[in-house]
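Take a look at the structure set out below.
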Amino acid sequence: MVAHVLDELADRVAAALAGRAGKDALVAFATAYREFAKAHPGRYAATQPRLDPQKATPEVVAAGRRHAELTRAILRGYGVPESEQTPAVRLLSSTFHGYVTLEIAGGFAHTGDVDASWSRILDALDVTLRNWPTD
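1 is the number of the first residue of the sequence shown in full-length UniProt numbering; add one for each residue after it.
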């Protein structure tokens, strides 16, 4: 189940990323990710348990790697060196996951436009990635 859902999410993200780079790729990836999570909260939640790579099926490992590679494609468009991509992937993953998890749970229902906040967060991530430290 986890591999199937990760592949489904990766398919949507890959389609959104096609032909894009830089901020366009970041926004396309993030939007596809958020829309999937909101449309399928149960399936999205199934992708989030901590998976021990030593115990995961080969299909789950492959699907997880595919998803990570799509994230790294965004980073290459920003010129983030390979040696810096792991922390950058973690930044994007934790931001996207944290936001959509809180949004799905109703954590942002109290005030403010969640779409405007999402847009500002993507603007901030764009600035961060364009200025990623390389030393």
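Glycine included, each C-beta is placed from N, C-alpha and C at the ideal position.
If you check the CB distance, V2 and H40 do not come in under 9 Å. Q48 carries a coil assignment under DSSP once its states are collapsed to helix, strand and coil. DSSP places V27 inside the alpha helix (DSSP H), whose first and last residues are G22 to A39. Cα atoms of D7 and H67: separation of roughly 8 Å, rounded to the nearest angstrom. Rounded to whole angstroms, the gap between the alpha carbons of A37 and T134 is 32 Å. Counting along the chain, the unbroken alpha helix (DSSP H) around V61 starts and ends at P58 to G77.
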